[in-house]
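K.L.:
In this note's numbering, the protein residues as written are 1 to 541.
Just so you know, even glycine gets a beta-carbon here, dropped at the ideal spot from N, CA and C.
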Ligand SMILES: Cc1cc2nc3c(=O)[nH]c(=O)nc-3n(C[C@H](O)[C@H](O)[C@H](O)COP(=O)(O)OP(=O)(O)OC[C@H]3O[C@@H](n4cnc5c(N)ncnc54)[C@H](O)[C@@H]3O)c2cc1C
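#1: For ligand 1, I want to know if residue 254 counts as a neighbour, meaning its beta carbon is within less than 7 Å of at least one of the ligand's heavy atoms.
#2: Any beta carbon of chain B sitting closer than 8 Å to that of residue 209?
#3: Can you grab the Cα-Cα spacing for the pair residue 516 / residue 478, in whole Å?
#4: In the DSSP assignment, find the beta strand (DSSP E) that holds residue 373 and state where it starts and stops.
#5: When the Cα atoms are used, what is the spatial distance from residue 500 to residue 245?
#6: Does the distance between the C-beta of residue 325 and the nearest non-hydrogen atom of ligand 1 fall short of 7 Å?
#7: What residue from 153, 201 and 202 has the CA that sits closest to residue 194's CA?
#8: For residue 435 and residue 491, I'd like the C-alpha separation in whole angstroms.
#9: Give me, in chain order, the residues of the same chain whose beta-carbon lies closer than 6 Å to that of residue 513; leave out the 5 immediate sequence neighbours on both sides.
#10: So is residue 166 buried or exposed if we call it buried at 16+ other beta carbons inside 10 Å?
#11: Please state the DSSP three-state secondary structure of residue 300.
#12: Could you give the DSSP three-state label for residue 522: helix, strand or coil?
#13: Quick one: is residue 307 buried, meaning 16 or more other Cβ sit within 10 Å of its Cβ, or exposed?
#14: What residue range is occupied by the uninterrupted beta strand (DSSP E) comprising residue 466?
#15: Can you list the alpha helix (DSSP H) stretches of 4 or more residues lying completely in the segment 320-381, in chain order?
#16: Tell me where the beta strand (DSSP E) around residue 475 begins and ends.
#17: Cβ of residue 40 versus every heavy atom of ligand 1: is any distance shorter than 7 Å?
#18: Between the C-alpha atoms of residue 201 and residue 162, what's the straight-line distance to the nearest angstrom?
#19: Compute the Euclidean distance between the alpha carbons of residue 339 and residue 29, then round it to the nearest angstrom.
#20: Taking the beta carbon of residue 472 as the centre, do at least 16 other beta carbons fall within 10 Å, making it buried, or is it exposed?
#21: Once you ignore the five residues that flank residue 405 on each side, which residues in its own chain have a CB closer than 8 Å to its CB?
#22: Note down, in chain order, each residue of its chain lying with its Cβ closer than 8 Å to the Cβ of residue 2, except the 5 sequence neighbours on either side.
#23: Measuring straight from C-alpha to C-alpha, what distance separates residue 547 and residue 105?
#24: Around the C-beta of residue 381, are 16 or more other C-beta atoms found within 10 angstroms, so that it is buried, or is it exposed?
#25: Give me, in chain order, the residues of the same chain whose beta-carbon lies closer than 6 Å to that of residue 325; leave out the 5 immediate sequence neighbours on both sides.
#26: What distance in whole Å lies between the Cβ atoms of residue 51 and residue 235, which are believed to be in contact at a cut-off of 8 Å?
#27: For residue 443, which residues of its own chain have a beta-carbon under 7 Å away from its beta-carbon, when the five flanking residues on both sides are left out?
#28: Looking at the structure shown, is residue 429 part of a helix, part of a strand, or coil, going by DSSP?
#29: Can you tell me which residues form a DSSP beta bridge with residue 406?
#30: With contact counted as at least three CB pairs below 8 Å, one residue from each stretch, are the segment 35-52 and the segment 64-80 in contact?
#31: Name the DSSP bridge partner or partners of residue 203?
#32: Going by C-alpha to C-alpha distance, which of 313, 330 and 358 sits closest to residue 24?
#33: Is the beta carbon of residue 176 within less than 7 Å of some heavy atom of ligand 1?
#34: Check whether the segment 403-420 touches the segment 463-470, counting contact only when three or more Cβ pairs, one atom from each stretch, lie closer than 8 Å.
#35: To the nearest angstrom, how far is it from the Cα of residue 14 to the Cα of residue 85?
#36: Is the beta carbon of residue 130 less than 8 Å from the beta carbon of residue 327?
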């Protein structure tokens, strides 16, 4: 490339923005530039297919593509990005489990770090809800739903059964609607295997803050989707917010509590902590760029995708729109960004990004959907098929396209698998209880140790005629070694309270480690006393 003085382009993030930018840069510049992509995982997650992973119609491995396979010729570094030093033009990363910092120099930097899910504004929600961001999130939801069916099929307690069979999705945007449609499909297709569960015992609830679902779609398509989902038995709580979540379920802003074992939060997009920590201007948590993707106030730094605030017109115009956080936008942005970075290297003028959305589509599960493609509105099977064809065409490699198409084809002709592969959940965790919640029942294994963080619990042992109140910094349940306390204790939350729950297997490990430490101390102690008894060889006598 003639006139190129700075040739090392470093891309941060292996999502839609980063991966498609790398692909475009490589296709346009070939070996004239060195391209390095740094990302946390060695694969690219195709997020629009996550709902289908949650519903079990797609295998988790088929919703991801290995970066090295998709980007031959691009240096892929799997690392956690910790810091960017814009004045030294370096990125600081850590690799694997190590704390060792590696410094990666750049000439041109492209930031495509996406967003995170932050549920911390709703008490209890981040500890209790499943999110939909990564492929393992979706796979966990699928397994959890199947586990609820397994447990509900066995239990003889009607209250527990009803909780196990209540599924709540919070958020009526594309993700919430698609995931609820898929989860309902999974449950519907699996019920024939569970003799003790009747279909009228299943309760699926969608909670949406606004007056309607899918607000991005024209009204009549949104109404069609609402009607379809309602006819399939999905309850819709519109104009409803969630005040808190606890071990029992969710509490709405109308004061109702929905007892549910499964809560899926399709809300809470927020800037990543790394983006927030950068010394650059942010608007609503997104990096401020001009229409050519140049980060304001910095040379040789560009941003695109969900982490960038990209104007679709002149920034001074009060009516200017900004690029929405969508994959179809990130892919288009990547193309123009690659042209602009290369033009900049040649000393040419970069061009402004312009893109009119091709339309919007949503799959509602059960082979139905809604679509608005270039102003043409489609509903039902054809919209669903258009959705699938569109995303199939966007998949990054032929191999992935074939695998996903095979998954879909098989789903049409054979039964969906109900194999419940346990994806481990953090064993020890915070749990929130609401006043009156039963925490430990007499005669039932408590499963671990409960350390009270806030609030209070009532402990009763009717047989011994004893009762006490347990406040912060006290604990109940099992002891460190995993031994159960009294099996006659009944514990209920006196008020809304939070505990840190240490699971039995962790307690056993803790006991083992503390025994080893004691042993070690003993050895050191005896070594010290041995040393005291003997004169030091080198000390003057
Ligand atoms: C469930 C779901 C369904 C969706 N469905 C659709 C849809 O149907 N249609 C549509 O157009 N859009 C859809 N979207 C939105 C679309 O996926 C996003 O707009 C798109 O992924 C944005 O791309 P990005 O590159 O900006 O961010 P991402 O794709 O999120 O990529 C960010 C990358 O940065 C990496 N990263 C972040 N921080 C670090 C760090 N510190 N160190 C190392 N790596 C890091 C991440 O691992 C990731 O690889 C959906 C999103 C979700 C979550």
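P.N.:
Taking the structure as given:
#1: no
#2: Looking at the structure shown, chain B is missing, and only one protein chain is on hand.
#3: 21 Å
#4: 368-373
#5: Note on geometry: alpha-carbon atoms of residue 500 and residue 245 lie some 15 Å from one another.
#6: yes
#7: 153
#8: 12 Å
#9: Same-chain partners within the cutoff: there are none.
#10: buried
#11: Look at residue 300 here: in three-state DSSP terms it is coil, with no helix or strand label.
#12: Caution is warranted here: a pLDDT of 48 is assigned to residue 522, below 50, making its placement in the model unreliable, and the coordinate value is therefore given only provisionally. Helix, per DSSP.
#13: Residue 307 is buried by the Cβ-count criterion.
#14: 466-470
#15: 327-346
#16: 475-477
#17: Yes, the beta carbon of residue 40 sits closer than 7 Å to at least one heavy atom of ligand 1.
#18: Answer to the nearest angstrom: the Cα atoms are 7 Å apart.
#19: 9 Å
#20: So residue 472 ends up on the exposed side.
#21: 392
#22: For residue 2, the pLDDT reaches just 46, beneath the cut-off of 50, and the residue's location in the model is therefore unreliable, leaving the point undetermined.
#23: As shown, the chain starts at 1 and ends at 541. That puts residue 547 outside it, with no answer to give.
#24: exposed
#25: 306
#26: The pair is not a contact, with the Cβ atoms about 19 Å apart (cut-off 8 Å).
#27: Once the five neighbours on either side are set aside, the close Cβ partners of residue 443 are 487.
#28: strand
#29: DSSP, once it has assigned bridges, lists no residue as partnering residue 406.
#30: yes
#31: Residue 203 pairs with 166.
#32: The candidate whose alpha carbon is nearest that of residue 24 is 330.
#33: no
#34: no
#35: 20 Å
#36: Cβ atoms of residue 130 and residue 327: not closer than 8 Å.
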